[in-house]
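Student: Before anything else, here's the structure in question.
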Amino acid sequence: MGQPTPAQKDSDWWRSAVIYQVYVRSFADGDGDGTGDLAGVRGNLPYLAELGVDAMWFTPWYLSPLKDGGYDVADYRTIDPAFGTLAEAEKLIAEARELGIRTIVDIVPNHVSDQHPWFRSALAAGPGSPERELFHFRPGRGPHGDLPPNDWPSQFAGSTEPVWTRLPDGDWYLHLFTPEQPDLNWAHPVVRQEHEDILRFWFERGVAGVRIDSAALLAKDPDLPDLATDPRPHPFVDRDELHDVYRSWRRVADEYDGVFVGEVWLPDAERFARYLRPDELHTAFNFSFLTCPWDAGRLRDSIDTTLAEHAPVGAPATWVLCNHDVTRTVTRYGREDTAFDFATKAFGTPTDLALGTRRARAAALLSLALPGALYLYQGEELGLPEADIPVDRIQDPMYFRSQGADPGRDGCRVPLPWAAGAPYAGFGAREEPWLPQPADWPSYAVDRQKQDPHSMLSLYREAIALRPEFGNGPLTWLPAPDGVLAFARADGALCVVNLAATPAVLPAHSRLLLSSGPLDDAGRLPEDTAAWLRP
Ligand code: NOJ
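Numbering-wise (full-length UniProt numbering), the sequence shown opens with residue 1 and increments by one.
In structure tokens form, the structure reads like this:
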């Protein structure tokens, strides 16, 4: 486990933690009904403890019609019955903590489910009612009001669907994502109060942190102007009023020593860093690293920019290679275009999985050696590839809202393989899981990988155990040939990653701690391989 160095307090755990993202529906199925659940997570906590993670982040586990994988919350104070009960969640949080693993929950403040009591009341109450003020209801445009109130684009990449839906009573309501996810009105004090109460509700139950979904989208220009007029500031992205919201959230979190990680997709480094000022969020996901291609120069730029943008606000960086929204790492790195971009996702992209896996192993060592916290998405430690989901089994709204152009995100959400010889690769299901597993899933099973010292799982375990060798000091780049990344951490280990076609001579070292693949006969580092060295 990432042991704090003497210089780092226990309450600073989040500055250098390894955080495992649990997508409950696909982690492990405790009751055998084909859907993962809290019982499945509780039964496998020892697995996560052995892996050595410091915390788990749960994608939403609340009552939800699951129109967007749980990011459509009907009640924050109830666990979805498909996953378990609140009492079980409380037990899980406590049991995990006993094993040294903290829990982070996911809050989705931009929108709720259309089944949330607030939205149902708003529908029933009709146009002009105070209930509708909690959302963005507007009359339509045009002589008959049958044109949407503005021209905002959907926030689901590839979607050409409108972000407004008209009700039989004539009003339209705003939903940046699906129609089942109406956007809340963050200018309303009741919306603010309710979210602070939700934070308290979960902090009181022992959670250590909160991930904030779509964190830069909450605030809207009250005039809801058309984008075609290029209004400045942007009418719904990264508005200044948001910082006041997060300052008051921070005051709540500080009462519990709780921490935040924001989902903040912003190209502007300075604007991004504003969310990480000392009285706002503790951390935010680093999407520049996640989307970066497998290219030494681009990775080095991404690392430098990340560290430089965090430094002025004193926040630690986070390093993320994949999550439940993006193409799995081994698949992405095995393609001609190794960057991630929602706009270029397509069915049938040729993939060299052996190449992608070799690179993903090296990328694991690269990201675990960098200063800051690391997020690991379930199955990444098994080297799972993106699965091809037969179109008649796809559930993700991204597929439907793009008229089938975008394959959607189900390919990275397939139930995990635990035991090679068991039905459904040991996911625990007695019946067909909610998403089908590819035929070769058993070859990735945890039980098989545990036996194999060269498996992805063994690499992750060893790397997480050795990660304290890097300490918490800053990073210094070492001289290296083109295509090779080499750096040292102050008073810590060295990391070298070779992305060039020619083998690289390793810098002077006293010991090879770990490598993502074998060195060549001359002790050099082959292409797409990383090594950790003790100086
Ligand atoms: C980001 C989440 O990660 C994604 O899964 C979800 O669809 C959108 N936000 C909308 O909540």
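Yeah, the Cβ is synthetic: ideal placement off N, Cα and C, and Gly gets one too.
Only a predicted model underlies this, so the values are computations on that prediction, with no experimental measurement involved.
By Cβ distance below 6 Å, which residues in the same chain neighbour Thr-85 in space, the five residues on each side in sequence not counted?
Tutor: Ile-79
Student: For the beta strand (DSSP E) containing Trp-164, list its first residue and its last residue.
Tutor: 164 to 166
Student: Hey, out of Arg-328, Arg-534, Trp-434, whose CA is closest to Gly-36's CA?
Tutor: Trp-434
Student: Can you tell me whether Tyr-71 sits near the ligand NOJ, meaning its C-beta is under 7 Å from at least one heavy atom of the ligand?
Tutor: yes
Student: Go through its chain and collect everything with a Cβ distance to Ala-74's Cβ below 6 Å, but skip five positions before and after it.
Tutor: Leu-63, Ser-64, Ser-113, Gln-115, His-116
Student: For the alpha helix (DSSP H) holding Leu-199, just list the boundary residues, first then last.
Tutor: 189 to 204
Student: Over what stretch of residues does the alpha helix (DSSP H) that includes Leu-45 continue unbroken?
Tutor: Counting along the chain, the alpha helix (DSSP H) containing Leu-45 begins and ends at 45 to 51.
Student: Does the beta-carbon of Phe-427 have 16 or more other beta-carbons within 10 angstroms, so that it is buried, or is it exposed?
Tutor: buried
Student: Given the structure, does Asp-325 come close to the ligand NOJ, in the sense that its CB is under 7 Å from one of the ligand's heavy atoms?
Tutor: At least one heavy atom of the ligand NOJ sits closer than 7 Å to the Cβ of Asp-325.
Student: As a quick exercise: from Asp-447, Glu-255, Asp-406, Ala-219, pick the residue whose alpha carbon is nearest that of Asp-244.
Tutor: Ala-219
Student: Keeping to the same chain, check which residues put their C-beta closer than 7 Å to that of Gly-145; ignore five residues upstream and five downstream.
Tutor: Pro-139, Gly-170
Student: Taking one C-beta from the segment 151 to 169 and one from the segment 390 to 410 each time, how about it: are there three or more such pairs within less than 8 Å?
Tutor: yes
Student: Note down the Cα distance separating Gly-473 from Lys-450, rounded to an integer number of angstroms.
Tutor: 32 Å
Student: Restricting to Cα atoms, I'd like to know which of Ala-343, Pro-278, Asp-183, Glu-336 is closest to Pro-350.
Tutor: Glu-336
Student: Could you check whether Arg-358 and Asp-230 sit closer than 8 Å to each other, using their CB atoms as the reference points?
Tutor: no
Student: I believe Ser-516 touches Leu-290 by the beta-carbon criterion, under 8 Å. Please report the beta-carbon distance rounded to the nearest angstrom.
Tutor: About 19 Å separates the two Cβ atoms, so there is no contact after all.
Student: Specify whether the segment 518 to 532 and the segment 482 to 502 touch according to this definition: at least 3 beta carbon pairs, one from each stretch, less than 8 Å apart.
Tutor: yes
Student: Indicate the three-state DSSP secondary structure (helix, strand or coil) for Trp-14 in the structure shown.
Tutor: helix
Student: Tell me whether Glu-336, by its Cβ, gets closer than 7 Å to a heavy atom of the ligand NOJ.
Tutor: no
Student: What separation, rounded to the nearest whole angstrom, lies between the Cα atoms of Arg-409 and Glu-381?
Tutor: 19 Å
Student: On a CA-only basis, which of Ile-303, Arg-211, Trp-152, Pro-168 is nearest Ala-124? Give me that one, please.
Tutor: Taking only the C-alpha atoms, the option nearest Ala-124 is Pro-168.
Student: Determine the direct distance from the alpha carbon of Glu-180 to that of Arg-524, and round the result to whole angstroms.
Tutor: Their backbone Cα atoms lie some 55 Å apart in a straight line.
Student: Going by alpha carbons, who is nearest to Val-259 out of Ala-308, Arg-132, Ser-16, Arg-361?
Tutor: Ser-16
Student: Residues in the same chain with beta-carbon distance under 6 Å from Asn-44, minus the five sequence neighbours each way, listed in chain order, please.
Tutor: For Asn-44, where only same-chain residues beyond five positions count, the Cβ hits under 6 Å are Ala-28.
Student: Which word fits Gly-2, buried or exposed, when buried means at least 16 other C-beta atoms lie within 10 angstroms of its C-beta?
Tutor: Confidence at Gly-2 is low in this model, with a pLDDT of 40, below 50, so the placement of that residue should be treated as unreliable; the coordinate-derived value is given next. By the neighbour-count rule (16 or more Cβ atoms within 10 Å), Gly-2 is buried.
Student: For Thr-283 and Ala-315, which I take to be in contact (beta-carbon distance under 8 Å), what is that distance rounded to the nearest angstrom?
Tutor: Taking C-beta atoms under 8 Å as the contact rule, Thr-283 and Ala-315 qualify, at a distance of about 6 Å.
Student: At a threshold of 7 Å, does Ser-214 count as lining the ligand NOJ (C-beta to nearest heavy atom)?
Tutor: Remark: the shortest separation between the CB of Ser-214 and any heavy atom of the ligand NOJ falls under 7 Å.
Student: Do you know offhand how far Pro-4's Cα is from Asp-226's?
Tutor: Caution is warranted here: a pLDDT of 44 is assigned to Pro-4, below 50, making its placement in the model unreliable, and no coordinate value can be reported.
Student: Is Pro-6 buried or exposed, if buried means 16 or more other CB atoms sit within 10 Å of its CB?
Tutor: Since pLDDT at Pro-6 reaches only 45, below the 50 mark, its modelled position is unreliable, and no value is offered.
Student: Could you give the uninterrupted runs of the alpha helix (DSSP H) lying entirely in the segment 339 to 374, keeping only those of 4 residues or more?
Tutor: 353 to 369
Student: Please state whether DSSP places Cys-495 in a helix, a strand or coil.
Tutor: When DSSP states are grouped into helix, strand and coil, Cys-495 belongs to the strand group.
Student: Figure out for me which residue from Val-53, Trp-61, Asp-12, Trp-13 has the closest Cα to the Cα of Arg-25.
Tutor: Trp-61
Student: Is it buried or exposed, Leu-513, if we count other Cβ atoms within 10 angstroms and call 16 or more buried?
Tutor: buried
Student: Counting C-beta neighbours from all protein chains within 10 Å, is the total for Pro-526 16 or more, i.e. buried, or is it exposed?
Tutor: buried
Student: Looking at the ligand NOJ, does it come within less than 7 Å of Glu-263, judged from the CB to the closest heavy atom?
Tutor: yes
Student: Run through DSSP, which three-state label would His-454 get?
Tutor: coil
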